[in-house]
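S.K.:
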Amino acid sequence: MNTLARALTVVALFGTGALTGLWIGNTTDHGSAAHPQTDASTTAVALPADRKPLYYRNPMGLPDTSPVPKKDNMGMDYIPVYADEPTDDAGAGTNTLRIPLARVQKIGVRSEAASLRPLDRSVTALGVIEADERSLSTVAPRFAGWIDTLHVNATGQHVRRGDVLFEAYSPELLAAQQDYLIALDAASSADREFAAGLMRSARARLVNAEMDTAQIRALETRREPLRTVALRASRNGVVLERNAVAGMRFAAGDTLLRIADLDSVWLVANVSAQDMAEVRLGQPATLSIDGFPGESFSGHVGFIYPTLDEVSRTTRVRIELPNASLRLRPGMYGRAVLQATQHEAVVTVPDSALIDSGLRQLVLVEHATGEFEPRPVVAGRRGGGLVEILSGLHDGERVVVRANFLIDSESNLRAALDGLASAGESSSAAPAQMHHDHGGH
């Protein structure tokens, strides 16, 4: 009984796909009592009266069985399964499965020839638009003070190089201006060399405090300290971050504004580890952005990050693209298709021909109509609906590309039934041997 239970478990595991294929063919076999056929594959076989079924399977191919006769919810009888049922591949080689032509046609088997062709693949990756880090600038004054007048009113405001961002009052900067004016007055004294050195030092303090040339000249002309100094934008761009408020006090080094030039942006895409061999610097890329359906944008790979994410098993790839119209905004989602490298011709089959369980890879080779050989192969790269076959298959051999899982499942089911029959014979032989040994004593 333990052997029988184990065998039934094996059969049930293969049942889902195989019983679907078997049911299609067996519905014809089941109706042969009313419509006799002369096909040898469906001819009834005389069986002994005491022949008992192993179990009963669902007539619709569903993966459930019953140890006793029963009907499904449509009133159809469950079909008995016997250990010694004749199979369609009787007389065939051990690795060959033969299926009647009628059944091949019903389950829709289709095959194609393996062929030599270049496997030109493209890598697709998802990513997010980000600002070009090289175009970012931070406004962080080198002196302490108060914001007197703020000209940037909102985050997202466009500014141009030289625009006044805000005007600041700083006692520290007022003192530096006064020192410079004193140095200017001393320049007419007898010790001009000393006065010139003092003036250069005082002027350097103003320059380091980010007073521009125009303001220093105004100071020299007026001979009076400027109450406030203006801080200007160093580049064209968009204000991404605004921490400045009119009247607020700030310390030296506080980040008041962040500005980015968005004329060029990045799409930072996550490329799976298995595709990284196809990615290279300068590789052209075609992008589609979620916010602009039907449109495409062009860019190129500008940088490949040196680390791999341990959780997602992906590497970040930076794709640079122009954005003169400023339509592409940081945070948008996009899809990048990297144009693949050209490869030499290799043996390929359609993706659907490969049966990959994770533990094995095989294809079903068609030798003749209705005759199939499950053959182990080693698969390589994939792309364009094709898969490269590294070994196990030759150019020109025909492989099943449709209904191959049904055929493979049927082959596995028959192997399980053969194992069940062998187990039954072994278990029946064991008591006989024990009886013989006992009789010998």
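First residue of the sequence shown? That's 88 in the numbering used here, and the numbers climb one at a time after it.
Idealized CB from N, CA, C, for every residue including glycine.
Treat the numbers as computed from the prediction; the structure is a model and nothing was measured.
1. Would you list the residues sitting across from Ser359 in a DSSP beta bridge?
2. According to the neighbour-count rule (16 or more other Cβ atoms, all chains shown, within 10 Å of its Cβ), is Pro173 buried or exposed?
3. Distance check for Met286 and Arg247, CA to CA, integer angstroms please.
4. By a C-beta neighbour count over all protein chains shown, 10 Å radius and 16 as the cutoff for buried, is Ser385 buried or exposed?
5. Output the residue ranges of the beta strand (DSSP E) runs that lie fully inside the stretch 276–322 and measure 3 residues or longer, sorted by chain position.
6. Kindly indicate which residue of Asn323, Ala490, Ala466 has the alpha-carbon position closest to the one of Leu223.
7. Arg190 lies in the alpha helix (DSSP H); which residues open and close that run?
8. Could you name the residues of the same chain whose beta carbon sits closer than 6 Å to that of Gly506, not counting the 5 residues immediately before and after it, in chain order?
9. Tell me the DSSP secondary structure of Glu382 in three-state form.
10. Rounded to the nearest angstrom, what separates Asp443 and Leu449 at their Cα positions?
11. Based on Cα-Cα distance, which residue from Ile234, Gln244, Leu268 lies nearest to Leu318?
12. Is the distance from the Cβ of Ala201 to the Cβ of Val434 below 7 Å?
13. Any idea if Phe459 is buried or exposed, counting beta-carbon neighbours within 10 angstroms, 16 or more meaning buried?
14. Could you tell me which whole beta strand (DSSP E) segments of length 3 or greater appear in the stretch 406–433?
15. State yes or no: is the C-beta of Asp219 within less than 7 Å of the C-beta of Val355?
16. With H, G and I counted as helix, E and B as strand and the rest as coil, what does DSSP make of Ala273?
17. If you check the beta carbons only, do Leu203 and Asp482 fall under 7 Å apart?
18. Please list the terminal residues of the continuous beta strand (DSSP E) segment that includes Tyr256.
19. Measuring straight from C-alpha to C-alpha, what distance separates Arg405 and Val210?
20. Pull up the CB-CB distance for Ala339 and Phe230, whole angstroms please, since I reckon it's below 8 Å.
21. Quick one: residues in its chain with C-beta nearer than 8 Å to the C-beta of Thr342, no 5 flanking neighbours on either side, listed in chain order?
22. From the DSSP output, in three-state form, read off Tyr267 for me.
23. Quick one: residues in its chain with C-beta nearer than 8 Å to the C-beta of Ser478, no 5 flanking neighbours on either side, listed in chain order?
24. To which residues does DSSP link Glu220 through a beta bridge?
25. Helix, strand or coil, according to DSSP, for Ala372 in the structure here?
26. Could you check whether Glu453 and Ser198 sit closer than 7 Å to each other, using their CB atoms as the reference points?
27. Between Ala255 and Leu271, what straight-line distance do the alpha-carbon atoms span, to the nearest angstrom?
M.R.: Straight from the coordinates:
1. Thr401
2. Summary for Pro173: the model assigns pLDDT 45, below 50, so the residue's position carries little reliability; its value from the coordinates is reported in the next sentence. Per the 10 Å Cβ criterion, exposed.
3. As the crow flies, the alpha-carbon of Arg247 is around 33 Å from that of Met286.
4. exposed
5. 315–319
6. Taking each of Asn323, Ala490, Ala466 in turn and checking the Cα distance to Leu223, the smallest one comes out for Asn323.
7. 188–193
8. Note that Gly506 has pLDDT 48, beneath the 50 cutoff, so the model's placement of it is unreliable and no number is given.
9. Coil, per DSSP.
10. 7 Å
11. Cα-wise, what sits closest to Leu318 is Ile234.
12. When the beta-carbon positions are compared, Ala201 and Val434 come within less than 7 Å of each other.
13. buried
14. Secondary structure within the stretch 406–433: the beta strand (DSSP E) runs of 3 or more consecutive residues, fully enclosed, are 420–425 (chain order).
15. no
16. helix
17. yes
18. 251–256
19. 14 Å
20. Yes, Ala339 and Phe230 are in contact; Cβ-Cβ is about 5 Å, under 8 Å.
21. Thr225, Val226, Ala227, Glu328, Asn330
22. Correct three-state label for Tyr267: helix.
23. Val464, Val465
24. According to DSSP, which records beta bridges pairwise, Glu220 is partnered with nothing at all.
25. strand
26. yes
27. 24 Å
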